[in-house]
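**Student:** So the protein sequences, as listed, match chains A and B. Following my numbering, the numbering of the first sequence begins with 28 at its first residue and continues without gaps. Following my numbering, the numbering of the second sequence begins with 28 at its first residue and continues without gaps. Have a look at the structure that comes next, please.
There are 2 protein chains.
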Amino acid sequence: MTGRRTRDPEARRAALATATMEVIAENGVGRTTHRAVAARAGLPLGATTYYFPTLDDLIAAGLAHATAMLRSCLDEWAERLRGAPDLAATLTELTREYLTDRQQVRLEYELCLAAARDARLRPLAEVWMRGFTDVLEPYVGAAAGRDICALLDGLILLTLTTGTDLDEPGLTAAIRRLTGG
Amino acid sequence: MTGRRTRDPEARRAALATATMEVIAENGVGRTTHRAVAARAGLPLGATTYYFPTLDDLIAAGLAHATAMLRSCLDEWAERLRGAPDLAATLTELTREYLTDRQQVRLEYELCLAAARDARLRPLAEVWMRGFTDVLEPYVGAAAGRDICALLDGLILLTLTTGTDLDEPGLTAAIRRLTGG
DNA sequence: ATCATTCTGGTACGTTTGTACAAGTACGAT
DNA sequence: ATCGTACTTGTACAAACGTACCAGAATGAT
């Protein structure tokens, strides 16, 4: 606790990671540049290379920050599911809420695609992929958990690419079927 | 049928679209450049801007070419399903085969993400999204068709990002559950 | 107070980028 | 044969790129 004002390296590092995440969500990994990140963070260009030697490092930091957000999102989901009387209905509602921030949703798929192309990023992508099935597992078992996760991912992708809305009753029914109900 | 040898504008246009598709699959939409496409097509740089005024046009042509391939892929799937005794098992087998070419799979998700970012590309993405559910609809109905499509998309994404193999028996069982069997 | 260290911010470099263009070549119509 | 049009290709250029670097300011240790 030093009460700094002018200098705060950790805050800068975090600000750069956040800004990178936002640029990735907006422009995609492939169009993420030092200058765009610096501008969004309100920091000079040199700050990006000072804290992250290469562009790949910067992007990895942005994606890591994104997975940290996803993880906290998962924690919230886990808690909401804990006391839920109707698992399928609750999952549907959570999905609906998740879809309100399309920027964030795009980010998730940017992460997946980046991990598909660069194996070093796979641990990050698995936080989301495996993390969600782990949340579901106690309720429905490992197999159904993975299936439901896949179903949600696919439906989210569908609404994202077609710009349509989620068919909530249909989703609830599908989840029930997958749980063997 | 003119038997040209030296000049063939349509062949060049097609070669550029194909090359663009390949570059997108390898590097992603965001890292697709005129020069990379020209090099892969074995054509001079100027050819890219002659046939496609801007980079966006070139990329759109590459994605359109990709959807054309996806459509023919869908046709093949439709035919294989037509005489299949066991729908779920056949779909699992088709998915397994589809996953052998990861480059092509990545391309599909590049298309989805590009469509999510640029509404003008949505008609292309819908060829795949809706096309597959249309193939399934006669067998399982519209709702289950969409759910199975989503399930497959999600599982394909999972295997793509984690680098793992498909759980074939699990997929077959999940499809059976979604069809109400 | 001094000093080594760490952080800051601006500038600079060589490369790669999208796009424009001009000079030249092939081809269909006449 | 010739002529206009369509195609070809190499080159050019300004902008943006990743990265390197340096002079200085702030900081903690002494």
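A virtual CB, placed ideally from N, CA and C, is assigned to each residue, including glycine.
1) With C-beta atoms as the reference, is B/L43 less than 9 Å away from B/L72?
2) Got a sec: is the Cβ-Cβ distance from A/E164 to anything in chain B below 9 Å?
3) At 7 Å on the CB atoms, spell out the chain A contacts of B/A177, in chain order.
4) Could you spell out the range, first to last residue, of the alpha helix (DSSP H) harbouring A/F11?
5) Please work out which residues of its chain come closer than 7 Å, Cβ to Cβ, to A/G158, disregarding the five sequence neighbours upstream and downstream, and give them in chain order.
6) Measure the CB-CB distance between B/L205 and B/V167 and report whether it falls below 9 Å.
7) Is the beta carbon of A/I183 closer than 9 Å to that of A/L114?
8) Less than 9 Å between CB atoms is the rule here; does A/R157 satisfy it with respect to chain B?
9) Exposed or buried, which one is B/D180 when buried takes at least 16 other CB atoms within 10 Å?
10) Using a Cβ-Cβ distance cut-off of 9 Å, determine whether B/E153 contacts chain A.
11) What did DSSP end up calling B/D84 once you bin it into helix, strand or coil?
12) Which term fits B/E37, buried or exposed, when burial requires 16 or more other beta carbons within 10 angstroms of its beta carbon?
13) Counting only beta-carbon separations shorter than 9 Å, does A/G110 have a partner in chain B?
14) Taking contact to mean at least 3 C-beta pairs separated by less than 8 Å, is the stretch 76 to 92 of chain B in contact with the stretch 102 to 112 of chain B?
15) Which same chain residues end up closer than 6 Å to B/T119 when comparing Cβ atoms and leaving out the 5 residues on each side of it in sequence?
16) Along chain A, in chain order, which residues have C-beta atoms closer than 9 Å to that of B/V56?
17) Would you verify that the beta carbon of A/V64 is, or is not, closer than 9 Å to some beta carbon of chain B?
18) For a contact defined as C-beta to C-beta under 9 Å, what are the partners of B/Y125 on chain A?
19) Please classify A/G110 as buried or exposed, where buried requires at least 16 neighbouring CB atoms within 10 angstroms.
20) Is the number of C-beta pairs between the stretch 142 to 159 of chain A and the stretch 161 to 176 of chain B that are closer than 8 Å three or more?
21) Would you decide whether B/A169 is buried or exposed? Buried here means 16 or more other CB atoms lie within 10 Å of its CB.
22) Flag A/C100 as yes if its beta-carbon sits less than 9 Å from any beta-carbon of chain B, otherwise no.
23) Which residues of chain B have a Cβ atom closer than 7 Å to the Cβ of A/A170, listed in chain order?
24) Give the list of continuous alpha helix (DSSP H) stretches no shorter than 4 residues that lie fully inside the stretch 45 to 116 of chain B.
25) For A/G181, which three-state DSSP category applies?
26) Starting from the Cα of B/G55, find the closest Cα among B/R123, B/R34, B/Y136, B/A74 and give me that residue.
27) A/A116 to B/T45, Cα distance in whole Å?
28) If you measure from the beta carbon of A/V167 to each beta carbon in chain B, is any gap under 9 Å?
29) Do you know how far the Cα of B/L138 is from the Cα of A/T50?
30) Is it buried or exposed for B/G207, if we count other Cβ within 10 angstroms and need 16 for buried?
31) Roughly how many whole angstroms lie between the Cα atoms of B/R34 and B/R40?
32) Could you give the C-beta distance for B/L90 and B/A141, rounded to a whole number, given that I count them as a contact under 8 Å?
33) Answer with yes or no whether the minimum CB distance from B/G190 to chain A is below 9 Å.
34) Measuring only between beta-carbons, confirm whether B/L205 sits less than 9 Å from chain A.
**Tutor:** This is what the structure holds:
1) As a first step, residue 43 of chain B must be located in the second sequence, where it is residue number 16. As a first step, residue 72 of chain B must be located in the second sequence, where it is residue number 45. For B/L43 and B/L72, no; Cβs fall outside 9 Å.
2) The count along the first sequence starts at 1 and reaches residue 164 of chain A at position 137. Cβ-Cβ to chain B under 9 Å: no for A/E164.
3) For the purposes of this step, residue 177 of chain B is identified with residue 150 of the second sequence, where counting begins at 1. Per Cβ cutoff of 7 Å: L178, G181, L182, L185.
4) There is simply no residue 11 of chain A to check, as chain A begins at 28 and stops at 208 in what is shown.
5) In the first sequence, residue 158 of chain A corresponds to position 131, counting from 1. R98, L101.
6) The sequence position of residue 205 of chain B within the second sequence is 178, counting from 1. The sequence position of residue 167 of chain B within the second sequence is 140, counting from 1. Going by C-beta atoms, B/L205 is nearer than 9 Å to B/V167.
7) If you number the first sequence from 1, residue 114 of chain A lands on position 87. If you number the first sequence from 1, residue 183 of chain A lands on position 156. Against a cut-off of 9 Å, the Cβ pair of A/I183 and A/L114 comes out as no contact.
8) Stepping through the first sequence from its first residue, residue 157 of chain A is reached at position 130. So yes, A/R157 belongs to the interface.
9) The residue given as residue 180 of chain B occupies position 153 in the second sequence. Per the 10 Å Cβ criterion, buried.
10) As a position in the second sequence, residue 153 of chain B is number 126, starting the count at 1. It does: the Cβ of B/E153 has a partner Cβ on chain A nearer than 9 Å.
11) Taking the second sequence and counting its residues from 1, one reaches residue 84 of chain B at position 57. In this structure, B/D84 counts as helix in the three-state DSSP scheme.
12) Counting from one through the second sequence, the residue named residue 37 of chain B turns up at place 10. Under a 10 Å Cβ-count criterion, B/E37 is classified as exposed, with fewer than 16 other Cβ atoms of the shown protein chains found around its own Cβ.
13) The residue labelled residue 110 of chain A in the question sits at position 83 within the first sequence. It does not; no Cβ of chain B falls within 9 Å.
14) At 8 Å Cβ cutoff, the stretches do not touch.
15) On the second sequence, residue 119 of chain B is found 92 positions in, with the first residue counted as 1. E195, L198, T199.
16) What you label residue 56 of chain B is simply residue 29 of the second sequence in a count that begins at 1. B/V56 reaches chain A at G55, G57, R58, counting residues in chain order whose Cβ is nearer than 9 Å.
17) In the first sequence, counting from the first residue as 1, residue 64 of chain A sits at position 37. It does not; no Cβ of chain B falls within 9 Å.
18) Against the second sequence, residue 125 of chain B aligns to sequence position 98. Those within 9 Å of B/Y125 in chain A number zero; the least Cβ separation is about 14 Å.
19) Walking along the first sequence from the start, residue 110 of chain A turns up at place 83. Counting Cβ neighbours within 10 Å, A/G110 comes out exposed, since fewer than 16 surround it.
20) Look at the beta carbons and you see the stretch 142 to 159 of chain A not touching the stretch 161 to 176 of chain B: under three pairs across the two are nearer than 8 Å.
21) Here residue 169 of chain B refers to the residue found at position 142 when the second sequence is read from its first residue. So B/A169 counts as exposed.
22) In the first sequence, counting from the first residue as 1, residue 100 of chain A sits at position 73. With 9 Å as the cut-off, A/C100 does not count as an interface residue toward chain B.
23) Counting from 1 along the first sequence, the entry for residue 170 of chain A is found at position 143. Neighbours of A/A170 on chain B, chain order: G197.
24) Runs of the alpha helix (DSSP H) inside the stretch 45 to 116 of chain B: 61 to 68, 72 to 78, 82 to 109.
25) Within the first sequence, numbered from 1, the residue matching residue 181 of chain A stands at position 154. If DSSP states are grouped into helix, strand and coil, A/G181 belongs with the helices.
26) Taking the second sequence and counting its residues from 1, one reaches residue 55 of chain B at position 28. Measuring from the Cα of B/G55, the nearest candidate turns out to be B/Y136.
27) Walking along the first sequence from the start, residue 116 of chain A turns up at place 89. Walking along the second sequence from the start, residue 45 of chain B turns up at place 18. Whole-angstrom Cα-Cα distance: 45 Å.
28) Residue mapping note: residue 167 of chain A aligns to position 140 of the first sequence, counting from 1. Not an interface residue.
29) Taking the first residue of the first sequence as 1, we reach residue 50 of chain A at position 23. Taking the first residue of the second sequence as 1, we reach residue 138 of chain B at position 111. It is worth fixing the name first, because residue 50 of chain A is Val in this sequence and not Thr. Cα-Cα distance, rounded: 19 Å.
30) As a working note, residue 207 of chain B is residue 180 in the second sequence. B/G207 should be labelled exposed.
31) In the second sequence, counting from the first residue as 1, residue 34 of chain B sits at position 7. In the second sequence, counting from the first residue as 1, residue 40 of chain B sits at position 13. Going from the Cα of B/R34 to the Cα of B/R40 covers about 12 Å.
32) The sequence position of residue 90 of chain B within the second sequence is 63, counting from 1. The sequence position of residue 141 of chain B within the second sequence is 114, counting from 1. Between B/A141 and B/L90 the Cβ distance is about 6 Å, and since that is below 8 Å, they are a contact.
33) Within the second sequence, residue 190 of chain B is the residue found at index 163, counting from 1. Among the residues facing chain A, B/G190 is included, as its CB has a counterpart in that chain under 9 Å away.
34) By 1-based counting over the second sequence, the position of residue 205 of chain B is 178. Answer yes: the Cβ-Cβ gap between B/L205 and chain A drops below 9 Å somewhere.
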